[in-house]
């Protein structure tokens, strides 16, 4: 049986050669001997011409020896290349024939550890990098190497005729069969998928590097354009002056090569440009999503000869609108230049003109009195010229949608934000160039992709993930590794949100959340318990991350603690009760108020503005039942997806909010039922059914909330505790003025008796304290009967009840 051991033996001479003479030195020696041969050859010609034949002979001898050494190095290099690039064509898909054996990296890693491939893998340059990128620290790798285990030998891994063994094969085999490796990964918190992700990342990076290193390969040579191609279309003065390279505007430079997120859009763009008439495309996507990179990916596809015949030989250039406006302030001059530019492009016959931010270009031209859609119209139907326009959803909505005839000239391509896996692939390309202070692990890239999408509200993916990575790269990580914990710690610092692993302080808070809430909210044991359970699940990360942090519908009479509970949650989770923002939903009781809530073409909207200014917050929807049905529909989407589209076409993130809707619906029924001793759990179902039957809320809206919480009317004993909280707050305000306040127990009982109302809850109690206690204190201060520092003692006889 042909095994991995036999495949490694095939590479052994080349591996030994590489150990003696590394490839960089092979390159340097070739350059050195070729340079000596060239210089001495020229010198011998000069000496011969001067009649110095004796010296010329010596120099010719040096030339011949240098040439021989150069040829020798060239042969050595060629010999090594055969093994070094073995199987590369099969890996990158250029050769469909089965290849038997192993890659050079496998032989290099295992040549001297064939009796223990786990040790060989972990101690090799690439294998150690895989383990580090998977999240293992050097001491954990050492623990793996020193742990007792049953070694896996190279002879145990068979190689058949269609099986090319790569480091991915070795790593996967070890993960499945090496118990010690599985144990060290598990105890280090590294998931098997993360190890395989790191393995694929390292190995594919090596293959891409080899592909670029092998410049003479047909895949690389196909990207080189003919020297005279650009000269066959005549003189193009205006094109040269008023256009620029498409690469100058790329978000991710050339990193979109091999980036699978772009492929469906590239193919769609290719089909649009291949049409017989109006072969133009309009790419719509948010800033930072990489619209120009889609164009670049198609240009690269054409260079590689992979595009369909009808778009081959196309040259992509971007219109330099800044140059146009900076050199033209007159309408007629601008129009003349623009028309000449378009005529030159059409005559060339192979131009695809890219216009970035076309809505902005149209609006700026209108300031000169120029209407771009009218000037462009005749060229958009020409088969000799293609136009690709780029725009944002907001600008498309506000500008282009008002010119439907112009838009019909284009095939529209909508670019959505990439998914998590596509973002990670992009980050894999960027991370190695940003590792001056430490090494990025694969779990760290996962955390960046997840964290940027979930917790950073400014920008779009993948741009904000890239920005987060470059920001993190400027910081030095502990232990030299950027881990998932490192990433979440930085995100928590940037946002003020508790994210990532639960800290000890958070653990104590979450486990005793009921007690924390009870410090501010009197009674409501069942309600606070239900809220605490929901928030613990949310923080543990076991709920749907594509929804708000938590969402609750608070039902119950007024003044029983619904708003105070919302403030307590804001203080507990975001560190400040001012992190609660309130919307009075009675203001949105008619359909014409929807634009005021979510925005329209004229105004931005209250809700988008609040969530963009306060992305980490408790959003209180007060008296939700008073809002119209179309407003309820907006919150159906928010509660389900954690996102919504504003009236101006922007996607608004509400996933970092706790959404609380309050309603007095069913309050009378709650009071009557509890007075008759109905169990609260039974009552909850009855109240919800009654609300649905009366058409106050639809079932689908109620079902979107994580929990519907029934708040009970306050008992008289609970009202006394509420009064104590209110008086404590009043005392703090009085102390800030330089006085002290004390209330006798008898007065407290009298206040509670006067202010108690099971229907209106704590609000009458608040008014009694204002009318009685605050009035009495104010009279003493204004009357001058007390001095700074005095203790104000109030009894029943001192106030007017």
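In the numbering used here, the protein residues as written are 4 to 804. The beta-carbon is built from N, C-alpha and C at its ideal position, and this holds for glycine as well.
- Message: In the DSSP output, which residue or residues are listed as bridge partners for residue 585?
- Response: Counting from one through the chain shown, the residue named residue 585 turns up at place 582. Answer is 623, bridged to residue 585.
- Task: Within the region 28-90, note down every full alpha helix (DSSP H) run reaching 4 residues or more, in order along the chain.
- Result: For the region 28-90, the full-length alpha helix (DSSP H) segments reaching 4 residues or more read 56-87 along the chain.
- Is residue 246 close to chain B, meaning its C-beta is less than 8 Å from at least one C-beta of that chain? Any reference to chain B falls outside this structure, which holds one protein chain only.
- Can you find at least 3 beta carbon pairs, one from the region 500-510 and one from the region 464-477, that sit closer than 8 Å? Taking 8 Å as the limit for Cβ pairs, the verdict is that the region 464-477 does not touch the region 500-510.
- Query: Cβ atoms of residue 573 and residue 580: under 8 Å apart, would you say?
  - Reply: What you label residue 580 is simply residue 577 of the chain shown in a count that begins at 1. What you label residue 573 is simply residue 570 of the chain shown in a count that begins at 1. Result yes, Cβ atoms of residue 580 and residue 573 sit closer than 8 Å.
- Is the beta carbon of residue 717 less than 8 Å from the beta carbon of residue 433? As a first step, residue 717 must be located in the chain shown, where it is residue number 714. As a first step, residue 433 must be located in the chain shown, where it is residue number 430. Their beta carbons are not under 8 Å apart, which means residue 717 does not touch residue 433 by this criterion.
- Query: So, is residue 583 buried or exposed, given that buried needs 16 or more other C-beta atoms within 10 angstroms?
  - Reply: Position 580 of the chain shown holds residue 583. Under this definition residue 583 is a buried residue.
- Closer than 6 Å by C-beta to residue 130: which residues in its own chain qualify, once you throw out the five before and the five after it? Chain order, please. Walking along the chain shown from the start, residue 130 turns up at place 127. These residues qualify, in order along the chain: 112, 124.
- Query: Should the region 359-376 be called in touch with the region 598-612, which here means at least 3 C-beta pairs below 8 Å?
  - Reply: The region 359-376 makes no contact with the region 598-612, as fewer than three CB pairs between them are under 8 Å.
- Message: Helix, strand or coil, according to DSSP, for residue 139 in the structure here?
- Response: Locating residue 139 in the chain shown gives position 136, where the first residue counts as 1. In this structure, residue 139 counts as coil in the three-state DSSP scheme.
- Using only alpha-carbon positions, find the residue among 291, 290, 292, 270 that is nearest to residue 284. Counted from its first residue, the chain shown places residue 284 at position 281. Out of 291, 290, 292, 270, 270 has the C-alpha closest to the C-alpha of residue 284.
- Item | Limits of the beta strand (DSSP E) - the one that residue 743 falls within | What you label residue 743 is simply residue 740 of the chain shown in a count that begins at 1. Where residue 743 is concerned, the enclosing beta strand (DSSP E) stretches over 743-746.
- Query: From residue 108 to residue 98, what distance separates their C-alpha atoms?
  - Reply: Numbered from 1 along the chain shown, position 105 holds the residue referred to as residue 108. Numbered from 1 along the chain shown, position 95 holds the residue referred to as residue 98. Residue 98 has its alpha-carbon roughly 19 Å from the corresponding atom of residue 108.
- Query: Among 105, 477, 6, which has the Cα closest to the Cα of residue 93?
  - Reply: In the chain shown, the residue the question calls residue 93 occupies position 90. Nearest of 105, 477, 6 to residue 93, Cα basis: 105.
- Message: Going by DSSP, what residue range makes up the alpha helix (DSSP H) through residue 719?
- Response: Working through the chain shown from its first residue, we reach residue 719 at position 716. Counting along the chain, the alpha helix (DSSP H) containing residue 719 begins and ends at 719-738.
- Stretch pair the region 58-68 + the region 17-35: three plus CB contacts closer than 8 Å: Verdict: no, contact absent.
- Any chance you could list the beta strand (DSSP E) runs of at least 3 consecutive residues sitting entirely within the region 239-315, in chain order? Qualifying beta strand (DSSP E) stretches, in chain order: 246-248, 284-287.
- Query: Cβ atoms of residue 531 and residue 521: under 8 Å apart, would you say?
  - Reply: Taking the first residue of the chain shown as 1, we reach residue 521 at position 518. Taking the first residue of the chain shown as 1, we reach residue 531 at position 528. With a cutoff of 8 Å on beta-carbon distance, residue 521 and residue 531 are scored as near each other.
- Task: Could you tell me the distance, in whole angstroms, from the CA atom of residue 236 to the CA atom of residue 301?
- Result: To locate residue 236, count along the chain shown from 1; it is residue 233. To locate residue 301, count along the chain shown from 1; it is residue 298. Its pLDDT being 44, under 50, residue 236 is placed unreliably by the model, and nothing is read from it.
- Query: Which residues bound the beta strand (DSSP E) around residue 357?
  - Reply: Your numbering for residue 357 matches position 354 in the chain shown. For residue 357, the enclosing beta strand (DSSP E) begins and ends at 354-358.
- From the DSSP output, in three-state form, read off residue 155 for me. The residue you call residue 155 lines up with position 152 of the chain shown. The DSSP-derived three-state label of residue 155 is coil.
- Taking the DSSP output, what are the residues bridged to residue 606? One-based indexing of the chain shown puts residue 606 at position 603. In the DSSP assignment, no residue is bridged to residue 606.
- Query: Using the C-alpha atoms, what's the distance from residue 477 back to residue 438?
  - Reply: For this step, residue 438 is matched to residue 435 along the chain shown. For this step, residue 477 is matched to residue 474 along the chain shown. Spanning the alpha carbons of residue 438 and residue 477 requires a straight line of approximately 9 Å.
- Which same chain residues, not among the five before or five after residue 273, have their C-beta less than 8 Å away from its C-beta? By 1-based counting over the chain shown, the position of residue 273 is 270. The residues are 301, 304, 310, 311, 314.
- Distance, residue 40 Cα to residue 126 Cα: On the chain shown, position 123 is the one that residue 126 refers to. On the chain shown, position 37 is the one that residue 40 refers to. Taking the straight line joining both Cα atoms gives about 41 Å.
- Integer Cβ distance of residue 217 from residue 88, believed to fall under 8 Å: Indexing the chain shown from 1 puts residue 217 at position 214. Indexing the chain shown from 1 puts residue 88 at position 85. Here residue 217 really is in contact with residue 88; their C-beta atoms are around 6 Å apart, less than 8 Å.
- Message: Please report the distance separating the alpha-carbon of residue 705 from that of residue 711.
- Response: By 1-based counting over the chain shown, the position of residue 705 is 702. By 1-based counting over the chain shown, the position of residue 711 is 708. Distance between the alpha carbons of residue 705 and residue 711: 7 Å.
- Query: Is the CB-CB distance between residue 746 and residue 797 below 8 Å?
  - Reply: If you number the chain shown from 1, residue 746 lands on position 743. If you number the chain shown from 1, residue 797 lands on position 794. Their beta carbons are under 8 Å apart, which means residue 746 touches residue 797 by this criterion.
- Message: Can you tell me whether residue 145 is helix, strand or coil according to DSSP?
- Response: As a first step, residue 145 must be located in the chain shown, where it is residue number 142. In the structure shown, residue 145 sits in a helix (DSSP, three-state: H, G or I).
- Query: Can you pull the DSSP bridge partners for residue 205?
  - Reply: Translated into positions along the chain shown, residue 205 becomes position 202. Per DSSP, residue 205 has no beta-bridge partner at all.
- Distance between residue 616 and residue 652 (C-alpha atoms, nearest Å): Within the chain shown, the letter at position 649 stands for residue 652. Within the chain shown, the letter at position 613 stands for residue 616. Taking the straight line joining both Cα atoms gives about 18 Å.
- Query: Just reading off the beta strand (DSSP E) that residue 392 is part of, what are its end residues?
  - Reply: Along the chain shown, read from residue 1 onward, the residue named residue 392 stands at position 389. Per DSSP, the unbroken beta strand (DSSP E) holding residue 392 starts and ends at 388-394.
- Query: Taking the C-alpha atoms as reference points, what is the distance between residue 390 and residue 356?
  - Reply: Looking up residue 390 in the chain shown gives position 387. Looking up residue 356 in the chain shown gives position 353. Whole-angstrom Cα-Cα distance: 5 Å.
- Query: Excluding the five sequence neighbours on either side, which residues of its own chain have a C-beta within less than 7 Å of the C-beta of residue 134, listed in chain order?
  - Reply: Position 131 of the chain shown, counting from 1, holds the residue named residue 134. The beta carbon of residue 134 sits closer than 7 Å to the beta carbons of 125, 144 from its chain, once the five residues preceding and following it are set aside; these are given in chain order.
- Query: Should the region 688-695 be called in touch with the region 529-543, which here means at least 3 C-beta pairs below 8 Å?
  - Reply: The region 688-695 is not in contact with the region 529-543.
- How many whole angstroms separate the CB atoms of residue 630 and residue 641, which I take to be in contact at a CB cut-off of 8 Å? The sequence position of residue 630 within the chain shown is 627, counting from 1. The sequence position of residue 641 within the chain shown is 638, counting from 1. In fact, because the Cβ distance is near 13 Å, the residues do not count as touching under 8 Å.
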